[in-house]
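Working notes for the structure below.
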Amino acid sequence: MGGRDDGGGGNSAYGRKTFKRSKAHFADRITADGRDGWPVEAGRYRLVVSRACPWASRALVSRRLLGLEDALSLAVADPVQDDRSWRFTLDPDGRDPVLGIRYLSEAYDRREKGYPGGVSVPAVVDVPSGKLVTNDYQRITLDLATEWTALHREGAPDLYPAGRRDEIDAVMDDIFQDVNNGVYRAGFATGQEEYETACTALFRRLELLEKRLERQRYLVGDTLTEADIRLFTTLVRFDAVYHGHFKCNRWKLAESRVLWAYVRDLYQTPGFGDTVDFDHIKRHYYQVHTGINPSGIVPLGPDLAGWTTPHHRAELGGRPFGDGTPPGPVRAAEEVPARGRP
Numbered sequence: 001m002g003g004r005d006d007g008g009g010g011n012s013a014y015g016r017k018t019f020k021r022s023k024a025h026f027a028d029r030i031t032a033d034g035r036d037g038w039p040v041e042a043g044r045y046r047l048v049v050s051r052a053c054p055w056a057s058r059a060l061v062s063r064r065l066l067g068l069e070d071a072l073s074l075a076v077a078d079p080v081q082d083d084r085s086w087r088f089t090l091d092p093d094g095r096d097p098v099l100g101i102r103y104l105s106e107a108y109d110r111r112e113k114g115y116p117g118g119v120s121v122p123a124v125v126d127v128p129s130g131k132l133v134t135n136d137y138q139r140i141t142l143d144l145a146t147e148w149t150a151l152h153r154e155g156a157p158d159l160y161p162a163g164r165r166d167e168i169d170a171v172m173d174d175i176f177q178d179v180n181n182g183v184y185r186a187g188f189a190t191g192q193e194e195y196e197t198a199c200t201a202l203f204r205r206l207e208l209l210e211k212r213l214e215r216q217r218y219l220v221g222d223t224l225t226e227a228d229i230r231l232f233t234t235l236v237r238f239d240a241v242y243h244g245h246f247k248c249n250r251w252k253l254a255e256s257r258v259l260w261a262y263v264r265d266l267y268q269t270p271g272f273g274d275t276v277d278f279d280h281i282k283r284h285y286y287q288v289h290t291g292i293n294p295s296g297i298v299p300l301g302p303d304l305a306g307w308t309t310p311h312h313r314a315e316l317g318g319r320p321f322g323d324g325t326p327p328g329p330v331r332a333a334e335e336v337p338a339r340g341r342p
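For the sequence shown, the positions run 1 to 342 when the UniProt record's numbering is used.
Structural data, given as structure tokens:
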């Protein structure tokens, strides 16, 4: 996942030591002017994700909304990682067809031997050298929105508008601390007090978000922004994994009139739900976190049929893509398998 401080112990260590999310070790930026040595260039880089990971899913949504499929190729890792972390066992011969590697760690090692921390996604790899460029999960999508503009599709939305950035940043910081990170602090807690503190902060923040979204369709302004992407990728996983697996069970998302309608609205918006694979999500959390779920049993529920039901959020107004347009159909090679969709 993004920025996890592994500290050793492999998959069985989940839930057996205090959770800490570290900053990205490789924080180079890919920019229009190439100031870090990595200029924006169509076809040069490969985005490595897991559809299970909420941090990587941000990049999936952003890439699709901005129409960067031709400019930035995509590698999807197996949702069930082993103790060497993300692997390309979904591809023929267990190798990424572009990078030629079996494990994402190989790209990390080409960049720096003996680096601290775990192997995380999202990651951007330089195709010519095979070296990791960045695993900065907080910055990658912001740069896709602001530095890759020359390669955006016609009609791409402005996901990080200059005039709203202070507000977007403040909203995203609250969401990161209490929601994005909060579910992990609760799920990986090693003691009752640690768990209760995280879970209480999580639901307090969700209740504040309910109030904010009761009268406005999106988090900031009347269009989709980076803030909505970051909240969506946690909420879409909430009932499937966080409610049960991470014990975030004061109430289900489907029991919140406002948040359930909000997340369904986003899910049904092109670029959001069409990147989601519930099969990958459930198998990753329940089979990888053996310190929490030693049996590895994956639950059958919840019923996914509700994701496509009417949400009525359009009654609040708003223009999802601002002056732009929705992205086109998902390309066949990047479609989510049928078993991963409602």
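Backbone N, C-alpha and C fix where the C-beta goes; we use that ideal spot for every residue, glycine too. Values in this document were obtained by computation on a predicted structure and should not be read as measured data.
Item: Continuous alpha helix (DSSP H) assignments of at least 4 residues falling wholly in the region 32-102; Value: 54-66
Item: CA-to-CA distance, D93 to D166, given in whole angstroms; Value: 47 Å
Item: Close beta carbons around D78, own chain, < 6 Å, minus the five adjacent residues each side; Value: R87, T89 and L90
Item: First and last residue of the uninterrupted beta strand (DSSP E) at A123; Value: A123 to D126
Item: Coil, strand or helix - D6 by DSSP; Value: Residue confidence for D6 is low, a pLDDT of 41 falling below 50, so the modelled location carries little weight and cannot support an answer.
Item: Neighbour-count burial assignment, A42, 16 or more Cβ in a 10 Å radius; Value: exposed
Item: N- and C-terminal bounds of the alpha helix (DSSP H) containing K282; Value: F278 to V288
Item: Cβ separation of P97 and A56, assumed to be a contact under 8 Å, to the nearest whole Å; Value: Incorrect: roughly 19 Å between the Cβ atoms, too far for contact.
Item: Cβ-based neighbour list, R339, same chain, cut-off 6 Å, excluding 5 preceding and 5 following; Value: D279
Item: Beta-carbon proximity list for T234, same chain, < 7 Å, skipping 5 on both sides; Value: P54, V179, N180 and V183
Item: Pair within 8 Å by beta-carbon distance, V40 and W148; Value: yes
Item: Nearest residue (CA-CA) to R44, options D33, R51 and A71; Value: A71
Item: For T223, the nearest candidate out of D143, K131, D265 and T290 (CA to CA); Value: D265
Item: E334 (DSSP reduced to helix, strand or coil); Value: helix
Item: Alpha-carbon spacing of H245 relative to I292, whole angstroms; Value: 8 Å
Item: Reduced DSSP secondary structure (H/G/I, E/B, other) of L208; Value: helix
Item: Alpha-carbon to alpha-carbon, G271 and R102; Value: 28 Å
Item: Inter-stretch contact (C-beta, 8 Å, three-pair minimum) for the region 153-164 and the region 319-335; Value: yes
Item: Completely contained alpha helix (DSSP H) runs for the UniProt domain "GST C-terminal" (158-288), where each covers 4 or more residues; Value: 165-175, 182-187, 192-213, 226-235, 257-267 and 278-288
Item: C-alpha distance - D228 paired with W251, whole-angstrom precision; Value: 21 Å
Item: C-alpha distance - A198 paired with F188, whole-angstrom precision; Value: 10 Å
Item: N-terminal and C-terminal residue of the alpha helix (DSSP H) that T308 is part of; Value: From DSSP, T308 is part of no alpha helix (DSSP H); its letter is neither H nor E.
Item: Three-state secondary structure assigned by DSSP to A27; Value: strand
Item: Beta-carbon proximity list for R111, same chain, < 6 Å, skipping 5 on both sides; Value: K131 and L132
Item: Cutoff 8 Å: G118 Cβ touching any chain B Cβ; Value: Absence of chain B from the displayed structure is noted, only one protein chain being present.
Item: Proximity winner among G67, Q287 and Y115, relative to P299 (alpha-carbon distances); Value: Q287
Item: The beta strand (DSSP E) enclosing L316, as first and last residue numbers; Value: Segment: none, L316 is in no beta strand (DSSP E) and carries neither H nor E.
Item: Where the beta strand (DSSP E) containing T325 begins and where it ends; Value: Here T325 belongs to no beta strand (DSSP E), and DSSP marks it neither H nor E.
Item: Three-way DSSP call (helix, strand, coil) for L104 in this model; Value: coil
Item: Coarse secondary structure for R339, derived from DSSP in three states; Value: helix
Item: Outcome for C248 when other beta-carbon atoms lying within 10 angstroms are tallied against a minimum of 16; Value: buried
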